[in-house]
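Trainee: Take this structure, written in structure tokens, and hold onto it; I'll ask about it next.
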Amino acid sequence: MKSFKFNIDKANYEVSVNELGNNQVEVTVNGRAYTVELEQTRKKPQVVHHVVHHVTPAAAPQAAAASAPKAAPSAGGKVVTSPLPGSITQIMVTPGQSVKQGDILLVMESMKMANNITSEFEGTVKTIFVQQGASVMQGDNLVEIA
1 MKSFKFNIDK ANYEVSVNEL GNNQVEVTVN GRAYTVELEQ TRKKPQVVHH VVHHVTPAAA
61 PQAAAASAPK AAPSAGGKVV TSPLPGSITQ IMVTPGQSVK QGDILLVMES MKMANNITSE
121 FEGTVKTIFV QQGASVMQGD NLVEIA
């Protein structure tokens, strides 16, 4: 079993992960246990690179959204990438819009929490690589800023 303690937006979390076999793990978040079915990616097998498709206990299972395609940035652009796996719930910018470092580019849901994804750069939004509802993995390209 692996245990982790971390802080997201000033909220503390204690998480333990216990492998059950057959692509299933038991994840305990702040004392609440979930059975999670994992789908392995083509990257090196590590828990942080898996996509959660089914969580129990929960409402009726829903089909997972298609993963966002890997798109390449143009020459000279800087790219904001996904800090963790999740689903894009809101896009706050449009191509051609000026942004400053720290401006909110999009909102992403991960582990049933909304996370603001902010600009790491100052410039103009050149390309948005994702759509609302898209599933993304850690490291996927989200927004290009020139």
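The numbering used here puts the first residue of the sequence shown at 1, with every later residue one more than the last.
All C-beta atoms, glycine included, are put in the ideal place defined by N, C-alpha and C.
1. With 8 Å as the threshold, decide whether the Cβ of A134 is near any Cβ in chain B.
2. Within 10 angstroms of the Cβ of P203, are there 16 or more other Cβ atoms? Answer buried if so, exposed if not.
3. Suppose you measure from the CA of K78 to the CA of L106; what does that come to, to the nearest Å?
4. Pull the bridge partners of S3 from the DSSP assignment, please.
5. In this structure, what does DSSP give as the bridge partners for L84?
6. Please state whether DSSP places N22 in a helix, a strand or coil.
7. I need the straight-line Cα distance from M111 to S82, nearest angstrom please.
8. Helix, strand or coil: how does DSSP classify S98 here?
9. Using only alpha-carbon positions, find the residue among V29, N30, G31 and V25 that is nearest to E37.
10. Could you check the C-alpha separation between V130 and I88 for me, to the nearest Å?
11. Can you tell me whether DSSP reads E120 as helix, strand or coil?
12. Using a 10 Å radius around the Cβ and a threshold of 16 neighbouring Cβ atoms, would you call I8 buried or exposed?
13. If you follow the beta strand (DSSP E) that N141 is part of, which residue opens it and which one closes it?
Mentor: In brief:
1. Reference to chain B is not applicable here, since this structure consists of a single protein chain.
2. One cannot answer for residue 203 here, as it falls past the ends of the chain, which runs 1 to 146.
3. Approximately 16 Å between the Cα atoms of the pair.
4. Paired residues: S16.
5. L84 is not bridged by DSSP to any residue.
6. Three-state DSSP puts N22 in coil, outside helix and strand.
7. Near 14 Å, if we compare the C-alpha coordinates of S82 and M111.
8. Here S98 sits in strand by DSSP.
9. When each option's Cα is compared against that of E37, the closest is V25.
10. Answer to the nearest angstrom: the Cα atoms are 8 Å apart.
11. If DSSP states are grouped into helix, strand and coil, E120 belongs with coil.
12. The Cβ neighbour count for I8, taken over all protein chains shown within 10 Å, is under 16; the residue is labelled exposed.
13. Annotation for N141: the continuous beta strand (DSSP E) segment containing it runs N141 to I145.
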